[in-house]
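Participant: First the structure, which I've put down as structure tokens, then a few questions once you've had a look.
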Amino acid sequence: MAGGNGAAARLLLYFAGLLIVPLLVAGDDPYRFFTWTVTYGDIYPLGVKQQGILINNQFPGPQIEAVTNDNLIINVFNKLNEPFLLSWSGLQQRRNSFEDGVAGTTCPIPPGANFTYIMQAKDQIGTYYYFPSLAFHKAAGGFGGIRVLSRPQIPVPFPPPAADYTALIGDWYRANHTDLRYVLDSGKALGFPDGLLINGRGPNGYTFTVQPGKTYRFRITNVGLATSLNIRFQGHTMKLVEVEGSHTMQTTYSSLDVHLGQSYSVLLTADQPAFDYAIVVSTRFTTRILSTTAVLHYANSAGKAPGPLPGGPTIQIDWWNLTASGPRPNPQGSYHYGLVPVTRTIRLANSAPTINGKQRYAVNSVSYVSPDTPLKVADYYKIGGVFSVGTIADNPSYGGAYLQTSVMGASYRDYVEIVFENSEDVVQSWHIDGYAFWVVGMDGGKWSAASRQGYNLRDGVSRYTVQVYPRSWTAIYMPLDNVGMWNVRSESWARQYLGQQFYLRVWTPSTSLRDEFPIPKNALLCGRAAGRRTRPL
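Sequence positions in the sequence shown follow mature numbering (1 follows the signal peptide of the UniProt record, and there is no 0) and run -27 to -1, 1 to 510.
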């Protein structure tokens, strides 16, 4: 990884045949280059041998470290025996959904081939992660952390920490991802996970070392497949300072819920006697409770800390503090989201139907099926028969569920209210690619227009992933300021795999590069677009 001169980098990429167009990346902003090789390899996260997905022989994969507006050039070589894609959770692709790395926007990398992602961390700071988006590969690894720092001249609302640590937490199955995929393809639900991991390791398998008296930043992401998690540090408290790109009111917690796909930053001060303390992670909203630990090791430790491990919540709901403000060091930091008139309300209800005798999951009664050509590629080349806009309704009908390539149309610069409605007994977690949104309300029971009276329209937090508690609802406000084809999905990965997702087509008649970039010159073309040419050099 290295930064480089903008002009030299453009020249290098031109001769490599990879550059999109000079307008798509800012020549004055640094470049960071990554070369990743994706392979299978033996891993033993829960003490048994499994087939894992490694990036540069690492599980989890390498950390991406960048600064606001950096250009990221990531060349991915697929050495697996099947197609592969990486997606970037929360790292917005402004005007460029072709680089989003999900099946609806990007052709997969064939076995033995490579693809270079060309992206920019435009106007972003914060904690995100990447993951493999196809074929239930996420159950084998292939994920890693993304850290985007503020530019040096931009003030951060807390002193620089002594170190910046990443904690990727998640549930895990002992079965290979191919076996799990077979279960899902057979129309059955996955069983309960077998254990929990912290940075790819089981109980006490990972150690964070701290110096007495110093303060550390921990970036915590739930990269799991099925369960919400709670994290706590024995004998210590956490000060929450960032949520998925938003600085927050600095509230202190003894434990913190991290739902599927969510990312947080907390500050922890090593202000206790010098021992080895347990970092405890356990499942939430599950009848059976799984737990695991990592070690918070004081450099001058006298041994294991005395006393019991800290207990955490299990089933009870700990409602998110909606008054946490979310200023960011970019123009959106002072955006008065509560004063903008809403132009459209979209209500999304999840369900778990059986269709054709098989377990499926649905949104507004539609269970998504992938077409043979990525939606965005078909849209760009105007290939008919791949999808139809409007194949998912704005409101649930609560009728019988069915299979469909579901695409919702939306107009660029509309301002929408989206209400996620959860009538099931399990917590949901929703993510929207390409966008940040303001969480304005959540409550138990059914949503109605009267629920708006309780919205926080003043200082809600802006984020990319939000939970919906059992038999509850969550409401968000979102400006449609990013043209493209964007995935709206459940972060419960079996639900996503079996249809609890759809695509939001944010469209404008404009063909200006200010609104949307054209297809990359190095784009892989597949399905009905195979054999077509991208733009000339």
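All residues carry an ideal CB built from backbone N, CA and C; glycine is no exception. Being a predicted model, the structure only gives us computed values, none of them experimental.
#1: If we call anything under 9 Å between Cβ atoms a contact, is SER227 one with PRO279?
#2: Let me know the secondary structure DSSP gives THR89 once reduced to three states.
#3: Look up LYS212 in the DSSP assignment and say whether it is helix, strand or coil.
#4: Can you find the residues in the same chain that come closer than 7 Å, C-beta to C-beta, to ALA86, ignoring five residues on each side of it along the sequence?
#5: On the three-state DSSP scale, how would you describe ARG205?
#6: Are the CB atoms of LYS331 and LEU198 nearer to each other than 9 Å?
#7: Looking at C-beta atoms only, is the number of pairs between the region 217 to 234 and the region 168 to 183 that lie closer than 8 Å three or more?
#8: Cβ atoms of TYR103 and SER62: under 9 Å apart, would you say?
#9: If the criterion is Cβ atoms closer than 9 Å, does the pair VAL196 and PHE116 meet it?
#10: Excluding five sequence neighbours on each side, which residues of the same chain lie with their C-beta closer than 6 Å to the C-beta of GLY433?
#11: For LYS349, which three-state DSSP category applies?
#12: Classify TYR371: buried if its beta carbon has 16 or more other beta carbons within 10 angstroms, exposed otherwise.
#13: Tell me whether LYS111 sits in a helix, a strand or coil according to DSSP, three-state version.
#14: For the beta strand (DSSP E) that GLN31 lies in, which residues bound it at each end?
#15: How would you label LYS494, buried or exposed, when you count the other beta carbons within 10 angstroms and need 16 or more for buried?
#16: Can you list, in chain order, the stretches of the alpha helix (DSSP H) that have 4 or more residues and sit fully within the region 446 to 475?
#17: Would you give the residue range spanned by the beta strand (DSSP E) that ASP15 belongs to?
#18: For PHE181, name the three-state secondary structure that DSSP assigns.
#19: For LYS95, count the other beta carbons within 10 Å of its own beta carbon; 16 or more makes it buried, fewer makes it exposed. Which is it?
#20: Cβ of TYR388 within 9 Å of Cβ of MET451?
#21: Between PRO286 and VAL461, what straight-line distance do the alpha-carbon atoms span, to the nearest angstrom?
#22: Within the same chain, show all residues whose beta-carbon is closer than 8 Å to that of TRP420, passing over the 5 residues directly before and after it, in chain order.
#23: Specify, as a first and last residue, the run of the alpha helix (DSSP H) that VAL156 falls within.
#24: Are the beta-carbon atoms of ALA409 and TYR428 separated by less than 9 Å?
#25: In the DSSP assignment, the beta strand (DSSP E) including SER424 goes from what residue to what residue?
#26: Report the rounded CA-to-CA distance for LEU141 versus ARG257, giving the unit in angstroms.
#27: With a CB to CB cut of under 6 Å and the five nearest residues on each side skipped, what residues in its chain are close to MET415?
#28: Compare the C-alpha of ASN273 against each of SER264, PRO246 and ALA267 and name the closest.
#29: To the nearest angstrom, report how far apart LEU45 and LEU376 are at their CA atoms.
#30: Does DSSP put ARG444 in a helix, a strand or coil?
#31: State buried or exposed for HIS150, treating a residue as buried only when at least 16 other CB atoms are found within 10 Å of its CB.
Facilitator: Straight from the coordinates:
#1: no
#2: strand
#3: strand
#4: ASN51
#5: strand
#6: no
#7: no
#8: yes
#9: yes
#10: LEU295, TRP411, VAL412 and VAL413
#11: helix
#12: exposed
#13: helix
#14: Per DSSP, GLN31 belongs to no beta strand (DSSP E) and is neither H nor E.
#15: buried
#16: 466 to 470
#17: 4 to 16
#18: strand
#19: buried
#20: yes
#21: 29 Å
#22: ARG320, VAL392, GLU394, TRP446 and ALA448
#23: 150 to 158
#24: no
#25: That residue, SER424, is in no beta strand (DSSP E); it is neither H nor E in DSSP.
#26: 17 Å
#27: THR447
#28: PRO246
#29: 37 Å
#30: coil
#31: buried
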